[in-house]
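Written out below as structure tokens is the structure these notes cover.
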Amino acid sequence: MEIDFSKKLPISFYQQDTISVANQLIGKIIVKIDEKNSILAGKIVEVEAYTQYKDEASHSFVGMTKRNKAMFEIGGILYVYFIYGMYFCANIVTNKKDIGDAVLIRAVEPIFNLEQISINRYGRKDITNKQKLNLTNGPGKFCAGFGINTTHNFVDLTSNSIFILDGNEEKIEIGVSERIGINKSKELQRRFYLKGSQFLSR
DNA sequence: ATTCCGATTGCCT
DNA sequence: GGCAATCGGAATG
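In my numbering, the protein residues as written are -4 to 197.
Spelled out as structure tokens, the structure:
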């Protein structure tokens, strides 16, 4: 896959209102280039917005802590945290400095280097069709497949290690729903997904 | 120091 | 549908 760096999203993209960024992220291409220069890429098909204010489910609701510090930076970096003793979740930090907002990447359609993503997920490149659909269809699965962990916390999304490209200009339909796996602020409609995608978390 | 529990996943019935 | 795995974060004492 050739990467068109001219399509890399500018820093200003991330500094917009968080709900707006969440919507616009659907259909975009997230790229990771690892230490061995191998390229992984996927289309973002599902995200969730988390904001400091009026959102009790957000890590930042209680203010800045050691864990959520990245959320308070200016939009355009990654916030990665460890959860349930064994998984990682990756977020796109949004909005202005000192506002603790971010967008969780919940699911991605793998589009390049499925072999490496399979190895990262299952330890082998030959997998069943069902496993192919399950490669990156959840926040923990996406991080595992793309090799994202807390060493990527604070990574600059305008760098060449992890970044996001504008997708095709095709018209897409975006669905909206309540968020998944939370117990507070359940009523907020802040999950956004690509309608019809086979790679959603549910 | 202790306690509770989580922005998940995979396996089980 | 239920639930165990597994451990660090945050609140509390």
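Just so you know, even glycine gets a beta-carbon here, dropped at the ideal spot from N, CA and C.
Small disclaimer: the values here were computed from a predicted structure and weren't measured.
Per DSSP, which residues does residue i bridge with? Please list them.
i: D151; result: I72
i: N187; result: The sequence as given places Phe at residue 187; Asn does not occur at that position. V42 and V171, per the DSSP bridge assignment.
i: N86; result: Y74 and L99
i: G37; result: I25 and P105
i: F137; result: DSSP output for F137 lists no bridge partner at all.
i: F158; result: V26
i: K3; result: L160
Answer with buried or exposed for residue i, where buried requires no fewer than 16 other C-beta atoms within 10 angstroms of its C-beta.
i: T123; result: exposed
i: M(-4); result: exposed
i: K120; result: exposed
i: V57; result: exposed
i: G191; result: exposed
i: T60; result: exposed
i: E104; result: buried
i: R197; result: exposed
i: E68; result: buried
i: I25; result: buried
Closer than 7 Å: is that where the CB of residue i sits relative to any heavy atom of the ligand MG?
i: N108; result: What this structure holds is no ligand at all, so the ligand MG is not there to describe.
Return the CA-CA distance between residue i and residue j, expressed in angstroms with no decimal places.
i: G80; j: G135; result: 11 Å
i: V171; j: K23; result: 17 Å
i: I21; j: Y188; result: 7 Å
i: G118; j: A139; result: 11 Å
i: A62; j: V88; result: For clarity, residue 62 is Arg in the given sequence; the question names Ala instead. Rounded to whole angstroms, R62 to V88 spans 14 Å at the Cα level.
i: I214; j: N132; result: No answer is possible for residue 214: the residues shown for the chain start at -4 and end at 197.
i: Q10; j: R185; result: 18 Å
i: S7; j: A102; result: 24 Å
i: K2; j: S154; result: 13 Å
i: I128; j: I159; result: Sequence inspection shows Leu at residue 128; the Ile mentioned does not correspond to that position. Roughly 22 Å separates the two Cα atoms.
i: K92; j: H54; result: 16 Å
i: N18; j: F0; result: 22 Å
i: I106; j: I157; result: 15 Å
i: K38; j: N163; result: 10 Å
i: S180; j: T46; result: 11 Å
i: V150; j: I14; result: 21 Å
i: V16; j: N148; result: 19 Å
i: V75; j: Q193; result: 25 Å
i: A65; j: P5; result: 19 Å
| query | How do the segment 50 to 68 and the segment 135 to 145 stand: do at least 3 beta-carbon pairs fall below 8 Å, yes or no? | reply | No: fewer than three Cβ pairs fall under 8 Å.
| With contact counted as at least three CB pairs below 8 Å, one residue from each stretch, are the segment 79 to 98 and the segment 110 to 126 in contact? | Because the criterion of three Cβ pairs below 8 Å is not met, the segment 79 to 98 and the segment 110 to 126 do not touch.
| query | Between the segment 68 to 84 and the segment 28 to 43, do three or more beta carbon pairs fall short of 8 Å? | reply | With the cut-off at 8 Å, the segment 68 to 84 and the segment 28 to 43 do not touch.
| query | Is there contact between the segment 168 to 176 and the segment 25 to 37, where contact requires at least three CB pairs shorter than 8 Å? | reply | Segments in contact, no.
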